[in-house]
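Since the structure comes first, as structure tokens, the remarks are kept for the end.
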Amino acid sequence: MKVLITGGLGFIGGALTNRLCREHQVTVLTRSVKGQARLRFPERVRIRVGAVEDVKAADCAGMDLVVHCASTVDNYNILTDPYLDVWTNCAGTIALLEACKEHKPKFLFVSTFFVYGNAPKLPVDERSPCEPLGLYPATKLCAEQFCRIYGRLHSFHVNICRLTNVYGPGEAFDNTKKGAFNYLIRKAQLAELINVYRGGDF
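For the sequence shown, my numbering begins at 683 and goes up steadily by one.
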């Protein structure tokens with residue numbers, strides 16, 4: 683199978699790249715190669731440097747599966763550069779969908795549980811109401827809708843997954859803005875105090 687992974691050198695995309703490249707032909711579209719050290723089998727991965735907003739139909743030609751991991755990952759961009767979330771998460775997703783509509787690969791969009799906001803009822807599921815509390819989850823929810831619309835309009839298969847507090851090897855332990863579980867695990871390993879908010883519910 684031929685797979686294109688946007689953001690394929692990031693924390694989540696890099697883990698997926700490492701798993702899929704063992705058995706499939708993987709191409710990574712990445713804005714920067716600084717995450718290349720994450721690759722366990724770099725010789726098995728084709729890397730194309732570029733922004734997802736600039737992707738072309740030729741990049742998706744012949745692909746059986748496109749996994750869209752490329753995204754901003756900071757809930758605080760709204761304080762410094764709100765247009766970054768809109769440009770990357772919304773315009774970038776539309777550009778990728780446009781590039782896919784002719785060749786019609788299977789399409790997997792990596793979204794976030796943040797689209798639910800402060801859910802009134804737990805646990806949440808796919809039918810729970812979405813009330814995003816920030817610009818980042820709002821743009822991810824918007825991108826989900828773009829995926830559904832393009833899938834229906836151009837007859838290609840779309841799946842959406844909303845990931846929740848992903849943790850594991852390859853993520854920075856000291857970043858308080860993302861990777862909460864990795865950060866908390868590290869503090870526990872160092873026997874440091876951990877602040878527990880809202881009764882410990884996540």
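Note that beta-carbon positions come from the ideal geometry of N, C-alpha and C, so glycine has one too.
Q) Is the Cβ-Cβ distance between E808 and G799 less than 8 Å? A) no
Q: Kindly identify the DSSP beta-bridge partner or partners of L845.
A: T794
Q. For F723, does the count of other Cβ atoms within 10 angstroms reach 16, so buried, or fall short, so exposed?
A. Exposed is the call here.
Q) Quick one: what does DSSP say H785 is sitting in, helix, strand or coil? A) coil
Q) Going by alpha carbons, who is nearest to C843 out of G744, E826, E853? A) E826
Q | Delimiting residues of the alpha helix (DSSP H) encompassing L815 | A | It is not in any alpha helix (DSSP H) - L815 carries neither H nor E in the DSSP assignment.
Q) Alpha carbon to alpha carbon, how far is V806 from L815? A) 16 Å
Q | R730: first and last residue of the uninterrupted beta strand (DSSP E) it sits in | A | Unbroken beta strand (DSSP E) run through R730: 727-731.
Q) What do you get for D741, buried or exposed, if any count of 16 or more other CB atoms within 10 angstroms of its CB means buried? A) buried
**Q.** Candidates V797, E780, T754, F795: closest to F789 by CA position
**A.** For F789, the nearest C-alpha among the options comes from E780.
(Q) Please return the same chain residues whose Cβ sits closer than 6 Å to the Cβ of F795, not counting the five positions on each side in sequence. (A) R844, T846
(Q) Could you tell me which whole beta strand (DSSP E) segments of length 3 or greater appear in the region 724-772? (A) Counting only runs of 3 or more, we get 727-731, 747-750.
(Q) Looking only at its chain, what residues have a beta carbon closer than 8 Å to the beta carbon of I760, apart from the 5 residues adjacent to it on each side? (A) D767, G816, L817, Y818
Q. Since Q871 is in the alpha helix (DSSP H), which residue starts that stretch and which ends it?
A. Where Q871 is concerned, the enclosing alpha helix (DSSP H) stretches over 862-871.
(Q) Please report the distance separating the alpha-carbon of C782 from that of S714. (A) 22 Å
Q: Can you have a look at L698 and say buried or exposed, based on whether 16 or more other CB atoms are within 10 angstroms of its CB?
A: Counting C-beta atoms within 10 angstroms of its own C-beta, L698 has 16 or more neighbours from the protein chains shown and is therefore classed as buried.
Q) So what does DSSP say about I694, is it helix, strand or coil? A) DSSP places I694 within a helical segment (H, G or I) once states are collapsed to three.
Q: Return the CA-CA distance between H750 and G852, expressed in angstroms with no decimal places.
A: 19 Å
Q: Measure the C-alpha to C-alpha separation of S810 and L711 and round it to an integer number of angstroms.
A: 32 Å
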